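One structure is given below, encoded as structure tokens.
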Amino acid sequence: GNSVTQMEGPVTLSEEAFLTINCTYTATGYPSLFWYVQYPGEGLQLLLKATKADDKGSNKGFEATYRKETTSFHLEKGSVQVSDSAVYFCALSDLGTASKLTFGTGTRLQVTL
Amino acid sequence: KAGVTQTPRYLIKTRGQQVTLSCSPISGHRSVSWYQQTPGQGLQFLFEYFSETQRNKGNFPGRFSGRQFSNSRSEMNVSTLELGDSALYLCASSLRQHYGYTFGSGTRLTVV
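Which chain is which? The protein sequence lines are H and S, in order.
Residue 1 is where the first sequence starts when you use the numbering used here, and the numbers rise one by one after that.
Residue 114 is where the second sequence starts when you use the numbering used here, and the numbers rise one by one after that.
Below, the structure is given as structure tokens:
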């Protein structure tokens, strides 16, 4: 079955540091890949997505590239801010499971001044 | 435009009771999915409805059920509540699968 593996958190960074959160996946088909962010007490917000190999999703300074050869979709940001502190979830969906999203366990990011 | 609206935001129920949660999707979105989020199990897919039909279902017992109305609004019901049903229940809607899903803020259910 499908699965998503994320790096364990929490990740603690100083403001303006470079961020990488690793995500690898296992899927039977050709999945679409997503990053969602969850702020305290809130639901999930779609951060970015990629629907085919070599696509790069980007939003609000965050980027992730769909790497089929390494089955990865790592999230990066060049300079984090305190306001980026949240939990980040990597997820996939594929045609075989229609609308079902399979999520990773989430990585908590804490950014300090 | 309005986002996905879930009501109520918080609920406290007693073991053995039943509960109904409501979700209003973004206007024009016909696909509505439900997820359960707990610290131990993370985010787990419950079911998805499209045009009033359940199109996909996760691995939850039959106590968890849902439905969708002609205006795309959806409800989920949990009967005979157990302590382990305490969780944040999230609803998401989508125009098309690969566009991604927009989530509501969730309903936090506490079973005592």
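Where is the CB? At the ideal position from N, CA and C, for every residue including glycine.
The model shown is predicted, which means the values in this text are computed figures rather than measured ones.
Check                                                                                                                             : Outcome
Of the residues H:107, H:109, H:33 and H:14, the one placed nearest residue 68 of chain H, counting alpha carbons only            : H:33
Secondary structure of residue 83 of chain H, DSSP reduced to three states                                                        : helix
Chain H contacts made by the region 186-218 of chain S, where a contact means CB separation under 9 Å                             : 201, 203, 204, 205, 207, 210, 211, 212, 213, 214, 215, 216, 217 and 218
In DSSP terms, what residue 50 of chain H is bridged to                                                                           : H:33
7 Å Cβ cut-off: residues of chain S touching residue 42 of chain H                                                                : 218
Listed by chain order, chain S residues near residue 89 of chain H by CB distance under 9 Å                                       : 155 and 156
Spatial neighbours of residue 161 of chain S in its chain, beta-carbon cut-off 6 Å, leaving aside the 5 residues before and after : 146, 168 and 169
Proximity test, Cβ basis, 8 Å: residue 168 of chain S and chain H                                                                 : yes
Exposure label - residue 110 of chain S; buried when at least 16 CB within 10 Å                                                   : A query on residue 110 of chain S cannot be resolved here, the shown segment of chain S reaching from 114 to 225 and no further.
Validate contact between the region 44-59 of chain H and the region 1-8 of chain H using beta carbons, cut 8 Å, 3 pairs           : no
Residue environment, residue 21 of chain H, which counts as buried when at least 16 other CB atoms sit within 10 Å                : buried
Near-chain A residues of the region 58-70 of chain H - C-beta to any C-beta below 7 Å                                             : The chain inventory of the structure shown lacks chain A, comprising the protein chains H and S.
Distance, residue 128 of chain S Cα to residue 72 of chain H Cα                                                                   : 42 Å
Per-residue burial, residue 46 of chain H [other beta carbons within 10 Å of its own, 16 or more giving buried]                   : buried
Close beta carbons around residue 181 of chain S, own chain, < 7 Å, minus the five adjacent residues each side                    : 145, 162, 165 and 187
Per-residue contacts from residue 137 of chain S into chain H (C-beta, under 9 Å)                                                 : Residues of chain H passing the Cβ test: none, with the nearest at roughly 14 Å.
Residues that residue 180 of chain S bridges to, as DSSP identifies them                                                          : S:188
Spatial distance of residue 70 of chain H from residue 18 of chain H (CA atoms)                                                   : 22 Å
Extent of the continuous beta strand (DSSP E) run through residue 101 of chain H                                                  : From DSSP, residue 101 of chain H is part of no beta strand (DSSP E); its letter is neither H nor E.
Residues bridged to residue 63 of chain H (per DSSP)                                                                              : H:58 and H:76
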